[in-house]
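>
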Amino acid sequence: PVVVLFIPIVMSLSCDFNFSPSKMLIPVSYISILAGTCTLIGTSTNIIISDLSAAAGYGGLNMFELSILGVPIAVIGLILLMTAGIKMMPSHTAPVCELKDSEKLSYLAEFNIPAESDYISKIPSEIFAEKYPSVKLIELVRKSRILESCCDWVDLEEKDILLVKGSADDLVALLKDEQIELPHSEQNLHFGSNLEDDLVVELIVPPQSSVLRDRLLSTDLQDDSDVQIIGVKSRGIHYSEQKIKNATIRIGDIILVRCSRKKLDQIRKGNDFIIVEDVHHNIVEKKKARLAFFIFAGVVFSATTGMLNIMISAISGVFLMAVTGCLKLKDAYRSLQPEVLLLIVGTIALGQAMDKTGASQLYAENFLKLFHGLGPGFVLAGFIILCSICTHILSNNATAVLLMPIAISTALTLGVNPKPFIIGICFGASACFATPIGYQTNLLVYSPGGYRFMDYFKFGIFLNLLVIVMASICIPWIWHF
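Heads up: the sequence shown begins at 132 in this note's numbering, then just goes up one per residue.
1. Count the other CB atoms within 10 Å of the CB of SER252; is the residue buried (16 or more) or exposed (fewer)?
2. Between which residues of its own chain and TYR250 is the CB-CB distance below 8 angstroms, once the five residues before and five after are set aside?
3. Whole-angstrom Cβ separation of LEU156 and ILE138, contact assumed at under 8 angstroms?
4. Using the Cα positions of GLU196 and ASP291, report the straight-line distance between them to the nearest angstrom.
5. Please list the terminal residues of the continuous beta strand (DSSP E) segment that includes ARG389.
6. Is the CB-CB distance between HIS523 and THR566 below 8 angstroms?
7. Report the partner residues of VAL332 according to the DSSP bridge assignment.
8. Once you ignore the five residues that flank ASN548 on each side, which residues in its own chain have a CB closer than 8 angstroms to its CB?
9. If we ignore side chains and look at the alpha-carbon of each, how far apart do GLY581 and MET220 end up?
10. Is any heavy atom of the ligand HEM found at a distance shorter than 7 angstroms from the C-beta of SER391?
11. What's the C-alpha gap between LEU334 and MET142?
12. Would you identify the three-state DSSP class for ILE140, choosing helix, strand or coil?
13. Rounded to whole angstroms, what is the Cα-Cα separation between PHE584 and ILE592?
14. Can you tell me where the alpha helix (DSSP H) with GLY190 in it begins and where it stops?
15. Anyone know if the C-beta pair for ILE515 and ILE604 falls short of 8 angstroms?
16. GLY482 and LEU533 - do their beta-carbons sit closer together than 8 angstroms?
17. Using CA atoms only, rank isn't needed, just tell me which of MET601, ASN595, PHE590, PRO607 is closest to THR214.
18. Taking the C-alpha atoms as reference points, what is the distance between LEU525 and VAL285?
19. How would you call LYS400, buried or exposed, if buried means at least 16 neighbouring beta carbons within 10 angstroms?
20. Run the CB neighbour count on GLN359, radius 10 Å, all protein chains shown included, and call it buried at 16 or more, exposed below.
21. Taking GLY508 as part of the alpha helix (DSSP H), name the residues at either end of that continuous run.
22. Check this for me: beta carbons of ILE634 and ILE172, under 8 angstroms apart or not?
23. Ignore the nearest five residues each way along the sequence and tell me which others in LEU596's own chain have a CB closer than 8 angstroms to its CB.
24. Short of 7 angstroms in beta carbon distance, which residues of its chain neighbour VAL202, apart from the five on each side in sequence? Order them along the chain.
25. Is DSSP giving ILE311 helix, strand or coil here?
26. I'd like to confirm the pairing. Which residues does DSSP put opposite ARG273 in its beta bridges?
27. Give the secondary structure of THR379 by DSSP, where H, G and I count as helix, E and B as strand, and everything else as coil.
28. Please return the same chain residues whose Cβ sits closer than 6 angstroms to the Cβ of CYS521, not counting the five positions on each side in sequence.
29. Take ALA463 as the anchor and find which of LEU293, SER341, ASP301 has the nearest alpha-carbon.
30. What would DSSP say about VAL358, mapped onto helix, strand or coil?
31. In whole angstroms, what separates the C-alpha of ALA538 from that of ILE162?
32. Let me make sure I understand the geometry here. Which of LEU511, ASN528, PHE425 has the alpha-carbon closest to that of LEU473?
33. Which residues in the same chain have their Cβ closer than 7 angstroms to the Cβ of SER540, if we skip the five residues on either side of it in sequence?
34. State the Cα-Cα distance for the pair LEU395 and TYR263, rounded to the nearest angstrom.
35. Kindly identify the DSSP beta-bridge partner or partners of PRO268.
36. Contact defined as beta carbons within less than 8 angstroms: I believe LEU305 pairs with VAL266. What is the distance between those atoms, to the nearest angstrom?
Dropping the structure here:
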C-alpha cells in the first residue's frame, strides 16, 4: 500500500521539479522492502514465519524482535540509496510529464497509421511542422520498438504508432484529417460535446485490482462507452493494436485512456487503477481517519504486549474497521488475492509433507555436506544466501515456507538452537533487490519508471550483499546458537 500511494506522488513531483521518476521509484520500492524487515507486521513473510515457528514449538516472534537488526540494515540501506543509489539509477523520460504545459493544458495520445493514409512514406516531423506545428511528436513505435523521437530519418509505414502531445483541439483536428486513427476506432464511443470535459490520463494497475490477469479488451473499462483505451505500456513495452487484443493485464501495467471528467471521478473512487498525478484529491475519509488510527494502534498494542496473537489481533482490527465503516467489505474482499492465498496454503502443505516424510531432514543433511568441518555460523550464512537466491525465483512467502522445515532440521542436526536460522529466513527471504520479480513492489514500479531488468541488478545486488553480510554476522550475536 505504501508504494501504491507513492507512485502518483513521485510521478507528479518529477514533472513539477523536472527530474526523472525512474530516479526515485526503485528506491521507494527498496526502502519499503528494508522497512518491512523491521517489525513483525512489516511484511506477510514475517507473520508466516512467526506462526510456523510457534507451530514447531520454538515460539513466535515479538512485534519488534526483528527491529534490533532490521533498523540498522534499513538505515544503512537508506544512506546508500540517498548517496550512490540515486546516482546509479537510470534517467528515463516519463511521457506523463508531457501532459503538463505552463501555457496550455496538453494531452498525450497514441495514433495508428492506417493502410489508406497519405502519410505513409512521409517523414513525420515534416508533417507535423507543416500542418500541426503545435503538436509535439514524442515517440514513434514500430513493431514494439521505440524509435528516436525526432524521427528525421524515418519514413512512416502502415501500422506505425505515433505518441504525440497536443491540446484537445489539436488531437481532434488530427482525427478529422482521417490520415491517422485511434486504436480500436471502430467502436461507437459517446463523449460529451464539450472537448474540455474529455481527458487523457494514465492508469496504473495496482496489486489489488480486480482486472489483473484479464484480457484488456474483455474488461469493463474496454466495454465502457465513456472510455477510449488509447494504449498500454507493459513492462516498458508499447503494444501495437494486434498485440493489445491479446494483452493480459499485469501488476504495474499502464493504460492510457481518454474519458470524461465524470468518468474519471468514478475511476478514482474505485480500487482497480491508480490515476497518475492524482495527488490533489483526498486519499482518506477524514471523518473516519481518527477512528481508523485508534483501531490500528490497538492492533499493534495488543500484539506487541502479547495480549493477543497477531493473527487474532489483526482479524479483530479488520472486523472493527468494517463495523465502524472505516473499511468497505468489498474492498476487504478485493485485497484477498486468491493466487497468493493458494500459494501460501499449498506451500505450507508441502512443507508439512517434507517434515512428515523426512524429506526436510534429507535436504538438511545434504546441505550440511557443503559445509563439512565449518561451524554453525558459516552454515547460517549459506542458508541466508540460499534464501536470497530462492526469493528472486519464487515469491518471498513461498521461499520462507519451503525452507523453514529444512532450516529447523539443519539446526537440530548441528545440535544448535534453531532460532538464529528462523531469523535468518526472515531477512534472507526479504532480500529481493536484484530483479523485478519475486517481490510485488519491484514489479509495481517497473512500468511507471520505464525500467529494464538490469536497472534492478546494478544497485540491487549491493543491497542483497548488505543484508546477507549484516545478517550473517549479527544474528549469531543477537540470537545465540
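Just so you know, even glycine gets a beta-carbon here, dropped at the ideal spot from N, CA and C. All values reported here derive from a predicted model rather than from experimental measurement.
Let's see:
1. Locating residue 252 in the sequence shown gives position 121, counting from the first residue. With fewer than 16 Cβ atoms within 10 Å of its Cβ, SER252 is classed as exposed.
2. The count along the sequence shown starts at 1 and reaches residue 250 at position 119. The residues are ILE244, ILE258, LEU287, GLN310, ILE311.
3. Taking the first residue of the sequence shown as position 1, residue 156 is located at position 25. Taking the first residue of the sequence shown as position 1, residue 138 is located at position 7. The pair is a contact, with the Cβ atoms about 7 angstroms apart (cut-off 8 angstroms).
4. Taking the first residue of the sequence shown as 1, we reach residue 196 at position 65. Taking the first residue of the sequence shown as 1, we reach residue 291 at position 160. If you draw a straight line from the Cα of GLU196 to the Cα of ASP291, it comes to about 57 angstroms.
5. Position 258 of the sequence shown, counted from the start, is the residue given in the question as residue 389. That run of the beta strand (DSSP E) goes 385 to 391.
6. Residue numbering aside, residue 523 sits at position 392 when the sequence shown is read from its first letter. Residue numbering aside, residue 566 sits at position 435 when the sequence shown is read from its first letter. Their beta carbons are under 8 angstroms apart, which means HIS523 touches THR566 by this criterion.
7. On the sequence shown, position 201 is the one that residue 332 refers to. In the DSSP output, where bridge partners are listed per residue, VAL332 has VAL388.
8. Within the sequence shown, the letter at position 417 stands for residue 548. These residues qualify, in order along the chain: ALA542, TRP610, HIS611, PHE612.
9. Position 450 of the sequence shown, counted from the start, is the residue given in the question as residue 581. Position 89 of the sequence shown, counted from the start, is the residue given in the question as residue 220. One C-alpha to the other measures close to 12 angstroms.
10. Summarising the ligand content, the structure contains no ligands, and the ligand HEM is consequently not present.
11. Taking the sequence shown and counting its residues from 1, the one referred to as residue 334 is at position 203. Taking the sequence shown and counting its residues from 1, the one referred to as residue 142 is at position 11. Distance between the alpha carbons of LEU334 and MET142 is about 12 angstroms.
12. In the sequence shown, the residue the question calls residue 140 occupies position 9. In the structure shown, ILE140 sits in a helix (DSSP, three-state: H, G or I).
13. Taking the sequence shown and counting its residues from 1, the one referred to as residue 584 is at position 453. Taking the sequence shown and counting its residues from 1, the one referred to as residue 592 is at position 461. Rounded to the nearest angstrom, the two C-alpha atoms are 12 angstroms apart.
14. Position 59 of the sequence shown, counting from 1, holds the residue named residue 190. Unbroken run through GLY190: none, as it is neither H nor E.
15. Here residue 515 is taken as the residue at index 384 of the sequence shown, counted from 1. Here residue 604 is taken as the residue at index 473 of the sequence shown, counted from 1. Against a cut-off of 8 angstroms, the Cβ pair of ILE604 and ILE515 comes out as no contact.
16. Looking up residue 533 in the sequence shown gives position 402. Looking up residue 482 in the sequence shown gives position 351. Yes, the pair counts as a contact, with Cβ atoms nearer than the cut-off.
17. The residue given as residue 214 occupies position 83 in the sequence shown. When only C-alpha atoms are compared, the closest one is PHE590.
18. Locating residue 525 in the sequence shown gives position 394, where the first residue counts as 1. Locating residue 285 in the sequence shown gives position 154, where the first residue counts as 1. Approximately 43 angstroms between the Cα atoms of the pair.
19. Walking along the sequence shown from the start, residue 400 turns up at place 269. Exposed, because fewer than 16 other Cβ atoms sit within 10 Å of the Cβ of LYS400.
20. Numbered from its first residue, the sequence shown carries residue 359 at position 228. Around the beta-carbon of GLN359, 16 or more other beta-carbon atoms lie within 10 Å, marking it buried.
21. What you label residue 508 is simply residue 377 of the sequence shown in a count that begins at 1. Looking at the DSSP string, the run of the alpha helix (DSSP H) that includes GLY508 is 507 to 522.
22. The structure shown does not extend to residue 634, since the chain is modelled only from 132 to 612, so the question has no answer here.
23. If you number the sequence shown from 1, residue 596 lands on position 465. Nothing meets the Cβ criterion.
24. Position 71 of the sequence shown, counting from 1, holds the residue named residue 202. The residues are CYS169.
25. Here residue 311 corresponds to residue number 180 of the sequence shown, with the count starting at 1. Shown here, ILE311 sits in coil according to DSSP, grouped into three states, outside any helix or strand.
26. Mapped onto the sequence shown, residue 273 falls at position 142. ARG273 is bridged to ARG276.
27. What you label residue 379 is simply residue 248 of the sequence shown in a count that begins at 1. Correct three-state label for THR379: strand.
28. Reading the sequence shown from its first residue, position 390 is the one you call residue 521. For CYS521, where only same-chain residues beyond five positions count, the Cβ hits under 6 angstroms are THR530.
29. Within the sequence shown, residue 463 is the residue found at index 332, counting from 1. The shortest Cα separation from ALA463 among LEU293, SER341, ASP301 belongs to SER341.
30. Position 227 of the sequence shown, counted from the start, is the residue given in the question as residue 358. Of the three classes helix, strand and coil, the one that applies to VAL358 here is strand, per DSSP.
31. Here the question's residue 538 lines up with position 407 in the sequence shown. Here the question's residue 162 lines up with position 31 in the sequence shown. When rounded, the distance between both Cα atoms is 27 angstroms.
32. Sequence index remark: in the sequence shown, residue 473 carries index 342 (1-based). For LEU473, the nearest C-alpha among the options comes from ASN528.
33. Within the sequence shown, the letter at position 409 stands for residue 540. Hits under 7 angstroms: SER491, GLN492, ALA495.
34. Mapped onto the sequence shown, residue 395 falls at position 264. Mapped onto the sequence shown, residue 263 falls at position 132. Separation of LEU395 and TYR263 (C-alpha to C-alpha, rounded to the nearest whole angstrom) is 28 angstroms.
35. Stepping through the sequence shown from its first residue, residue 268 is reached at position 137. Note that residue 268 is Leu in the sequence shown, not Pro. Looking at the DSSP output, LEU268 sits in a beta bridge with VAL295.
36. Locating residue 305 in the sequence shown gives position 174, where the first residue counts as 1. Locating residue 266 in the sequence shown gives position 135, where the first residue counts as 1. Contact between LEU305 and VAL266 holds, since their C-beta atoms are separated by about 7 angstroms, short of 8 angstroms.
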